[in-house]
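Using my numbering, the letters of the sequence shown correspond one by one to residues 58 to 205. To keep things clear, I will list the structure first and then write my remarks on it.
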Amino acid sequence: MRGAVLGAAVMVLAGAGVWLAAGDGRGGYVPDLARGAAIYAEACASCHGADLEGEPDWRMRGPDGRLPAPPHDETGHTWHHADRVLLDITMRGTAAVVGRGYQSNMPGFGETYSEAELRDVLEWIKTQWPERERAHQAQVTAQDETGR
58 MRGAVLGAAV
68 MVLAGAGVWL
78 AAGDGRGGYV
88 PDLARGAAIY
98 AEACASCHGA
108 DLEGEPDWRM
118 RGPDGRLPAP
128 PHDETGHTWH
138 HADRVLLDIT
148 MRGTAAVVGR
158 GYQSNMPGFG
168 ETYSEAELRD
178 VLEWIKTQWP
188 ERERAHQAQV
198 TAQDETGR
């Protein structure tokens with residue numbers, strides 16, 4: 058009997074360790090990548106591309122003075138930003154985050170999707186990057202979180 062109880066306790070603790078290891082260290086959050094991919098297809102792909110390729114000439118301002126939607130693949134600059142910044146832009150929109158009269162077509166999605174849903178989108182995007190970009194972005198995020 059004692060062995061069965063000990064075995065069950067080990068299984069529970071092992072399962073908890075897997076759950077915590079899968080999270081990002083912030084309250085046990087575990088990304089739902091399928092949900093992130095679905096939301097990306099629904100809300101982001103029309104501007105940023107089904108393959109994260111962005112709009113053509115995304116570095117050149119259009120007639121309205123605004124920049125086209127950038128790619129979210131390794132050719133863009135998404136991976137240069139910390140998670141906190143990416144989530145803030147996704148929730149509030151680029152103009153709200155940049156301020157100083159900056160104009161952008163990127164809306165905020167914080168009233169349409171929950172923070173967890175938008176984090177899922179960002180986590181899914183990261184899975185599409187090569188290892189070098191994922192590692193760089195993780196380092197930028199870690200530095201941002203520690204204030205360095």
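Each residue gets a CB set at the ideal place from its N, CA and C atoms; glycine is no exception. These figures come from a predicted structure and were not determined experimentally.
{"Item": "His129 to Glu99, Cα distance in whole Å?", "Value": "15 angstroms"}
{"Item": "Looking at Gly88: is its Cβ nearer than 8 angstroms to the Cβ of Asp201?", "Value": "Residue 88 is actually Pro in this sequence, not Gly. The answer is no: Cβ separation not under 8 angstroms."}
{"Item": "Rounded to whole angstroms, what's the CA-CA distance from Gly122 to Leu143? Just pull it up for me.", "Value": "22 angstroms"}
{"Item": "So, are the CB atoms of Asp126 and His105 less than 8 angstroms apart?", "Value": "For the sequence presented, residue 126 should be read as Ala rather than Asp. A contact, by the Cβ cut-off of 8 angstroms."}
{"Item": "Trp186 and Tyr97 - do their beta-carbons sit closer together than 8 angstroms?", "Value": "no"}
{"Item": "Once you ignore the five residues that flank Asp108 on each side, which residues in its own chain have a CB closer than 8 angstroms to its CB?", "Value": "Asp130"}
{"Item": "With C-beta atoms as the reference, is Leu90 less than 8 angstroms away from Thr184?", "Value": "yes"}
{"Item": "Check each candidate in Gly158, Ala152, Ala173 and name the one with the smallest Cα separation from Gly165.", "Value": "Ala152"}
{"Item": "Whole angstroms are fine: how far does the CA of Gly204 sit from the CA of Val155?", "Value": "19 angstroms"}
{"Item": "Find the nearest neighbour of Thr198 within the set Glu174, His137, Met117, Pro113, judged by alpha-carbon distance.", "Value": "His137"}
{"Item": "For Gln194, which residues of its own chain have a beta-carbon under 7 angstroms away from its beta-carbon, when the five flanking residues on both sides are left out?", "Value": "Trp136, Lys183"}
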